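A.B. asks: Residue numbers (my numbering), protein chains in the order written: chain B, 1413 to 2042; chain R, 2 to 110; chain E, 15 to 487. Each residue gets a CB set at the ideal place from its N, CA and C atoms; glycine is no exception. Predicted model, so just to flag it, every value in this text is computed and none were measured. Quick one: the structure is below, questions incoming.
Below is the structure:
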């Protein structure tokens, strides 16, 4: 078993190295098949591990070798596999495999397709390190590694500086979060003398709730999570990251990398549960992000940007779940979100592929009949994400909404409102792209064609998953079996045990109301969207408050103004004024001063012997004089 | 012996001091104000001799032979210095054909 | 015994080269000599690891001569530095592949420099240390003054005088400490045994610190650095940045830490922020620096500032991390200069704005350059991450705020390096980079040792760290 865990890392590494080193020589078909094959093997291995972990109720620890070890610091390369990691393994490898296969079709005509698959394998490698790491530093290795892969993949088409800028922005924003994470690691080490996640949980569980050190540690870790999972204020990189190829957006920026922050917090559940202040902050930040993301998404016109902001919003939603203490709820929604978000992105890719690169939805329309399969898949995804039963989104959102209502009615209503925003923007997307009659700007380069099977099959699988995945856990109203919760109980037992459960137990009537009222509202919204977006001619240009939303709340502009430009000025100022004029000037002045004094002094050498004699006499007299006087 | 010393001490010491100071000053002025190298050398000799005289006078008035011994030293040094100085002057004359010290001005800024 | 060999071998080789009899084969001879030196260093390292007392030493007694002995010894810290030198000099020599004609004196000077550097790192006696310290200046001065770029005479003289001012302060401190030792002696041992009162430690500390601050350099004594790197030939810059810098840091370890510990502990709030400012300062200037060579200088300024912070952090994590980082930085910066060399040879310009799109033309080079850039950014699994992590950890345990601001360099590092990389490698090709030939096999071979070091130290630094452990204590 332990060997299998190690192999999980070895295979993607081999895949990356092989495809990477032989980029030029390799057959273009081969790279895709090789990369997908590697992930397929990984998926099989993961299933073995998954079964083993589930049935044996054990936690697997694999120690590879000592990484940093001297004095009293010992940080090994070690892997831990418990149910949480096993779950993430399945998601990463499963969704990863589907996207690899999809990419075989999507990237078929790209000239650097080999490099693409090498990078995809690299990403999977680092994501697995992140998920499997048994101490915080290994997690950090994976953390930075996925940041690197993200950079490489966003800037994949590097001839265009717009892509490179987006990649750079993503990496730098991630790094800002990483600083927080590092500081958290330092404080963890100073406090607990170890970085092993399980050991820290052991020691921490004995500490009182609200301990200041723990609060600061968790705040730092949350900063890291904010950067990686695109929460306010570190979220502007995610929409820009859409510059990368669509499979990248699907894999990294929907299903896996962005969920790393949530995984981190879930893993460190014990620490967070003991810091109520941090939990509240997480809740607020998540809520604001969810709201802002949803609002912006309504006014976007690029199909991928709509999905990107939707991701931001959903991530906010996930953080809300964490802040409410519902760790398994968050993981549940993470899983279902991975499925339907990946599906939506892949379907969007399919649309873009069909229209030969068009991404602006205002230039689309009436595609229902032309690309029926994609249409069907998109419908499935849209219904799933909107939380309409019996698709998966409904069930996972229910868990979170229930937790929100248990926290308080206001929170519950807010969460429901945010959730309903999803309906608006997703159905707008659906209707404008597929139902609305084709706009006059509709000029695809080639004829509109359906995607090849190699792209459709993975999407179909994701669609099926989006439909059935929810049945693992029905709302408490209907059945007592909470499948997902039970599955993750061993992992979260400690954390849950330490939580002060707010006993806002909801009555059965309230629960039914919570269930049904949103249904009605959703139906209304769907109707309204249909009328508004399909039948009206154009979306009116945005004015007033709509303009603020359409311009993304001016976040990018604020950052540019507050940070980018001042640093630029500072750099020039330092370089020219301080360094050259002042410091260099000072040093040169010393040298010049010496030269100046020298020039003046040498005038004493007149060559006139009489003058020398006079000076000599005077000096002798002076010396005698001072000797006598003093 | 005491007789000759007593005879010597008829002239008050101050006269000697004054006289030697005057000689010395003349010597100094000669060194500073003259262009002719030989005259400068003679002025230096004059200064040395004035010091000698003063030393001898003090030696007589204090009854201390140390002064006279010192006079011997100074005379030897003066002689050596004149020898070397005149040798230098001869060499300088050979290159500049003049003993005017103002002609030696090439080693300037 | 081996130590003497380490010192004498480059000396003999350089003397031979000076005679000029080798003519065209100078470069190859120098390369072979430095490779042999590297082998000897490996043997020394091997012997050291398995020796009992962890010290190799040699002691010659010249007591008659003014109380000066000649003592050289190697302990773990010296060994790391010696390995660095022995590793980098062959690469430096090989990096000049006859596109520009350099005569035999050039290689002779490089080897002489190597000897001086190894001498500095192995001397265990003040006067000897000082002699080698000053000796190391001459070759680099000559290399810069003769084979450098425009305006080289003035800048190399400025460099020389500036450094000598610092060394002079150090000399005064050494002599003063000498007078305090009983019985009078110049050996390190006797200096370490002095327990100086605080008031005495302060001026001694300041004198040493001045010398090292100029050498490393630390803000605000850094103004010689950018110009000198800029004007020096690439090999000169590599020697400067890769190894000579470390002399100053080594000096801090050997002198300031053992002799003035109280000042280090007590005064940390005064000079740590100063160094910290230098770190950020260098980083910010590097963001908009138009010339690549000067940018590397400021990047270097920033990085060695961090190492200095680690050394002065009064914390054994910080110190060990700093020593490891000294090694990593040497390797990384030489790698960076190698990439620079490749670019300049092919495009003739080093103004960043004039470059672009090289990745399209030379993907192999792009990959290698990316690896080196990532190593400079301290990505985990590269060598500089471990060092930086330990340094920041050490700083964190001393003073949280300083660690936070120092941590900003990881962000700023990403900013300037990625910006540079993007401008130079990505995007459309510019006029200068139209015909950019990819790396030849020979050139790739040059990079191999650097890349190996990057990953090897990144992934398993433990054995180095354990070696250093006892020495640090």
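Would you decide whether residue 1622/B is buried or exposed? Buried here means 16 or more other CB atoms lie within 10 Å of its CB.
C.D. replies: Residue numbering aside, residue 1622/B sits at position 210 when the first chain is read from its first letter. By the neighbour-count rule (16 or more Cβ atoms within 10 Å), residue 1622/B is not buried but exposed.
A.B. asks: Look at residue 1451/B and residue 1512/B and say whether their C-beta atoms are less than 8 Å apart.
C.D. replies: As a first step, residue 1451/B is located in the first chain; it is residue number 39 there, counting from the start. As a first step, residue 1512/B is located in the first chain; it is residue number 100 there, counting from the start. A contact, by the Cβ cut-off of 8 Å.
A.B. asks: Shortest alpha-carbon distance to residue 1825/B belongs to which of 1929/B, 1921/B, 1756/B?
C.D. replies: Taking the first residue of the first chain as 1, we reach residue 1825/B at position 413. Of the listed residues, the one whose Cα sits closest to residue 1825/B is 1929/B.
A.B. asks: Check residue 211/E in the structure and name its three-state DSSP category.
C.D. replies: As a working mapping, residue 211/E is identified with position 197 in the third chain. Coil, per DSSP.
A.B. asks: Going by C-alpha distance, which of 1563/B, 2000/B, 1719/B is nearest residue 428/E?
C.D. replies: Counted from its first residue, the third chain places residue 428/E at position 414. Comparing Cα positions, the closest option is 1563/B.
A.B. asks: Check distances from the C-beta atoms of the segment 1997 to 2022 of chain B to those of chain R and list, in chain order, the residues that come in under 7 Å.
C.D. replies: If the cut-off is 7 Å between Cβ atoms, the segment 1997 to 2022 of chain B has 2014, 2015, 2017, 2018, 2019, 2020, 2021, 2022 near chain R.
A.B. asks: Of all Cβ atoms in chain E, is any one closer than 8 Å to the Cβ of residue 1987/B?
C.D. replies: In the first chain, counting from the first residue as 1, residue 1987/B sits at position 575. Yes, contact with chain E.
A.B. asks: To the nearest angstrom, how far is it from the Cα of residue 1510/B to the Cα of residue 1921/B?
C.D. replies: As a working note, residue 1510/B is residue 98 in the first chain. As a working note, residue 1921/B is residue 509 in the first chain. Cα-Cα distance, rounded: 42 Å.
A.B. asks: Chain B beta carbons: is any one of them nearer than 8 Å to that of residue 373/E?
C.D. replies: Here residue 373/E refers to the residue found at position 359 of the third chain. At least one chain B Cβ lies under 8 Å of residue 373/E.
A.B. asks: DSSP state of residue 165/E, grouped into three classes?
C.D. replies: Stepping through the third chain from its first residue, residue 165/E is reached at position 151. DSSP places residue 165/E in coil when its eight states are reduced to three.
A.B. asks: Would you please state the rounded distance, in angstroms, between the beta carbons of residue 1670/B and residue 1630/B? I believe it to be under 8 Å.
C.D. replies: Within the first chain, numbered from 1, the residue matching residue 1670/B stands at position 258. Within the first chain, numbered from 1, the residue matching residue 1630/B stands at position 218. About 20 Å separates the two Cβ atoms, so there is no contact after all.
A.B. asks: Taking 8 Å as the threshold (C-beta atoms), are residue 1719/B and residue 1757/B in contact?
C.D. replies: Sequence index remark: in the first chain, residue 1757/B carries index 345 (1-based). Sequence index remark: in the first chain, residue 1719/B carries index 307 (1-based). Cβ atoms of residue 1757/B and residue 1719/B: closer than 8 Å.
A.B. asks: For the beta strand (DSSP E) that contains residue 1492/B, what are its first and last residues?
C.D. replies: Walking along the first chain from the start, residue 1492/B turns up at place 80. Start and end: 1485 to 1493.
A.B. asks: Indicate whether residue 1588/B and residue 1548/B have their beta-carbon atoms separated by less than 8 Å.
C.D. replies: By 1-based counting over the first chain, the position of residue 1588/B is 176. By 1-based counting over the first chain, the position of residue 1548/B is 136. No.
A.B. asks: With 9 Å as the limit, tell me which residues of the segment 264 to 292 of chain E have their beta carbon closer than that to any beta carbon of chain B; keep them in chain order.
C.D. replies: The residues in question: there are none.
A.B. asks: How big is the Cα-Cα spacing for residue 78/E and residue 199/E?
C.D. replies: Numbered from its first residue, the third chain carries residue 78/E at position 64. Numbered from its first residue, the third chain carries residue 199/E at position 185. In this prediction, residue 78/E scores a pLDDT of 49, lower than 50, which makes its location untrustworthy; the coordinate-derived value is nonetheless stated afterwards. Taking the straight line joining both Cα atoms gives about 12 Å.
A.B. asks: DSSP puts residue 1474/B in a beta bridge; with which residues?
C.D. replies: For the purposes of this step, residue 1474/B is taken as residue 62 along the first chain, with counting starting at 1. Per DSSP, 1491/B.
A.B. asks: Whole angstroms are fine: how far does the CA of residue 55/E sit from the CA of residue 238/E?
C.D. replies: Within the third chain, the letter at position 224 stands for residue 238/E. Within the third chain, the letter at position 41 stands for residue 55/E. For residue 238/E and residue 55/E, the distance between alpha carbons rounds to 32 Å.
A.B. asks: Could you please give the first and the last residue of the uninterrupted alpha helix (DSSP H) stretch that includes residue 302/E?
C.D. replies: In the third chain, residue 302/E corresponds to position 288, counting from 1. Counting along the chain, the alpha helix (DSSP H) containing residue 302/E begins and ends at 282 to 302.
A.B. asks: Using CA atoms only, rank isn't needed, just tell me which of 275/E, 249/E, 287/E, 370/E is closest to residue 127/E.
C.D. replies: Residue mapping note: residue 127/E aligns to position 113 of the third chain, counting from 1. The candidate whose alpha carbon is nearest that of residue 127/E is 249/E.
A.B. asks: Determine, using beta carbons only, whether residue 2042/B comes closer than 8 Å to chain R.
C.D. replies: On the first chain, residue 2042/B is found 630 positions in, with the first residue counted as 1. By this cut-off, residue 2042/B is not an interface position.
A.B. asks: List, in order along the chain, the chain B residues whose C-beta lies closer than 7 Å to that of residue 55/R?
C.D. replies: Here residue 55/R refers to the residue found at position 54 when the second chain is read from its first residue. Within chain B, no residue comes near residue 55/R; the closest Cβ sits about 16 Å away, beyond 7 Å.
A.B. asks: Quick one, which residues of the segment 400 to 419 of chain E are near chain B if we go by CB-CB under 9 Å, in chain order?
C.D. replies: If the cut-off is 9 Å between Cβ atoms, the segment 400 to 419 of chain E has 400, 403, 404, 406, 407, 409, 410, 411, 414, 417, 418 near chain B.
A.B. asks: Taking 8 Å as the threshold, find out whether the segment 1657 to 1668 of chain B comes into contact with the segment 1604 to 1624 of chain B through three or more Cβ pairs.
C.D. replies: Not touching, per the Cβ criterion.
A.B. asks: Grouping DSSP H, G and I as helix and E and B as strand, with all else coil, what is residue 365/E?
C.D. replies: Translated into positions along the third chain, residue 365/E becomes position 351. Residue 365/E falls in the strand class under three-state DSSP.
A.B. asks: Between residue 107/R and chain B, is the shortest Cβ-Cβ distance under 8 Å, so that the two count as touching?
C.D. replies: Counted from its first residue, the second chain places residue 107/R at position 106. Closer than 8 Å: yes.
A.B. asks: Output the boundary residues of the alpha helix (DSSP H) element that contains residue 439/E.
C.D. replies: Walking along the third chain from the start, residue 439/E turns up at place 425. Its alpha helix (DSSP H) spans residues 414 to 439.
A.B. asks: Below 7 Å between beta carbons is the criterion; list the residues of the segment 57 to 90 of chain R that meet it against any residue of chain B, in chain order.
C.D. replies: Going along the segment 57 to 90 of chain R in chain order, one finds no residue with a Cβ nearer than 7 Å to chain B.
A.B. asks: Reducing DSSP to helix, strand and coil, say where residue 1523/B ends up.
C.D. replies: Taking the first residue of the first chain as position 1, residue 1523/B is located at position 111. Here residue 1523/B sits in coil by DSSP.
A.B. asks: Give the DSSP-derived three-state secondary structure of residue 1800/B in the structure shown.
C.D. replies: As a position in the first chain, residue 1800/B is number 388, starting the count at 1. If DSSP states are grouped into helix, strand and coil, residue 1800/B belongs with coil.
A.B. asks: Quick one: Cα of residue 340/E to Cα of residue 245/E, how far?
C.D. replies: Sequence index remark: in the third chain, residue 340/E carries index 326 (1-based). Sequence index remark: in the third chain, residue 245/E carries index 231 (1-based). Each residue's alpha carbon lies about 24 Å from the other.
A.B. asks: If I measure Cβ to Cβ from residue 67/E and keep anything under 6 Å in the same chain, skipping five residues before and after, which residues do I get?
C.D. replies: Counting from 1 along the third chain, the entry for residue 67/E is found at position 53. Interpretation of residue 67/E is limited by its pLDDT of 49, a score under 50 that renders its predicted location unreliable; the figure taken from the coordinates is listed afterwards. Excluding positions up to five away in sequence, the list is empty.
A.B. asks: Cβ closer than 7 Å: which chain C residues qualify as neighbours of residue 234/E?
C.D. replies: The chain labelled as chain C is not found among the protein chains of the depicted structure, namely B, R and E.
A.B. asks: Can you list, in chain order, the residues of its chain with a C-beta nearer than 6 Å to that of residue 1696/B? Leave out the 5 residues immediately preceding and following it.
C.D. replies: Residue numbering aside, residue 1696/B sits at position 284 when the first chain is read from its first letter. The answer is none, since no qualifying residue turns up.
A.B. asks: Per the DSSP calculation, residue 37/R is bridged to which residue(s)?
C.D. replies: As a first step, residue 37/R must be located in the second chain, where it is residue number 36. Per DSSP, 101/R.
A.B. asks: Within this structure, are the beta carbons of residue 174/E and residue 151/E separated by less than 8 Å?
C.D. replies: By one-based count along the third chain, residue 174/E stands at place 160. By one-based count along the third chain, residue 151/E stands at place 137. Cβ atoms of residue 174/E and residue 151/E: closer than 8 Å.
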